[in-house]
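Read top to bottom, the protein sequences are chains Z and B. Whatever position you read off the first sequence (first residue = 1), add 13 for our numbering. Whatever position you read off the second sequence (first residue = 1), add 69 for our numbering. Positions of the beta carbon are idealized from the N, C-alpha and C atoms, including for glycine. Heads up: the structure comes next, in structure tokens.
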Amino acid sequence: GTRIIYDRKFLLECRSSPVTK
Amino acid sequence: VCLQTVCPGAGEHPLQYNYTFWYSRRTPSRPASSQSYEQNIRQIGTVASVEQFWRFYSHLVRPGDLSGHSDFHLFKEGIKPMWEDESNRSGGKWIIRLRKGLASRFWENIILAMLGEQFMVGEEICGAVVSIRFQEDILSIWNRTSNDQMTTSRIRDTLRRVLNLPTNTIMEYKTHNDSLRDNSSFRNTKISL
């Protein structure tokens, strides 16, 4: 199957812009 | 459809695997038998998405601010951070010794690489540990198959890259079998340059 790969930059961006529901 | 115990929330970025945080602390004078080790280790939470990870991680004490003899472990859900666990039994770990003051930054970088699937070794990664000790701190990453040299070399090379380690950094590998035999995590390791 497909692997879910995230680089460090993307992960850090997710920290500063959390998902709004 | 998510069939796991913890699922990503709506609109969140799922992780390839769920991961569980564990914490352990030991009085150094007591012997580290596997029974007392299991008693001292506590599961503190499981995450399924990038957002859940950050929410959890942001509330944890930074490893560099811990005192005494303590460890944070981040393992794939279902794998206990113990040598005896089915997934770890034939495995081993890479060890990087850090001088005091570096643990928090290096721990964050190693777990981001693991959560983001940067190691490219299939199912081989089991988890990562940061061990706070008196003289130095120690980072380790555990894999399933200690005698698969292609895998262990790839993990070592990825560690060098994601942690930005100087090329002359000493890397040490120890099989969990050897740890069980001498009842020690970090003694008698195999040095690799």
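(Q) Does D247 of chain B come out as helix, strand or coil in the three-state DSSP assignment? (A) helix
Q: Assign L167 of chain B to one of three DSSP states: helix, strand, or coil.
A: strand
**Q.** Member of B:N216, B:Q73, B:R174, B:G185 whose CA lies at the smallest distance from the CA of T227 of chain B
**A.** B:G185
**Q.** As assigned by DSSP and simplified to three states, the class of R131 of chain B
**A.** coil
Q. When you compare each of B:R158, B:K149, B:N252, B:I260 to N237 of chain B by their alpha carbons, which one comes out closest?
A. B:I260
(Q) The alpha helix (DSSP H) that contains N178 of chain B, what's its start and end? (A) 172–184
Q: With distances taken Cα to Cα, identify the nearest neighbour of K162 of chain B among B:M240, B:P77, B:N252, B:G80.
A: B:M240
Q | CB of L143 of chain B within 7 Å of CB of Y92 of chain B, strictly | A | no
Q. Closer than 7 Å, CB to CB, is V130 of chain B near chain Z or not?
A. no
Q) Does G185 of chain B have its Cβ less than 7 Å from a Cβ in chain Z? A) yes
Q: Would you kindly work out how many angstroms separate the C-alpha atoms of Q204 of chain B and T258 of chain B, rounded to a whole number?
A: 18 Å
Q: With a threshold of 16 other CB atoms inside 10 Å of the CB of M219 of chain B, please say whether the residue is buried or exposed.
A: exposed
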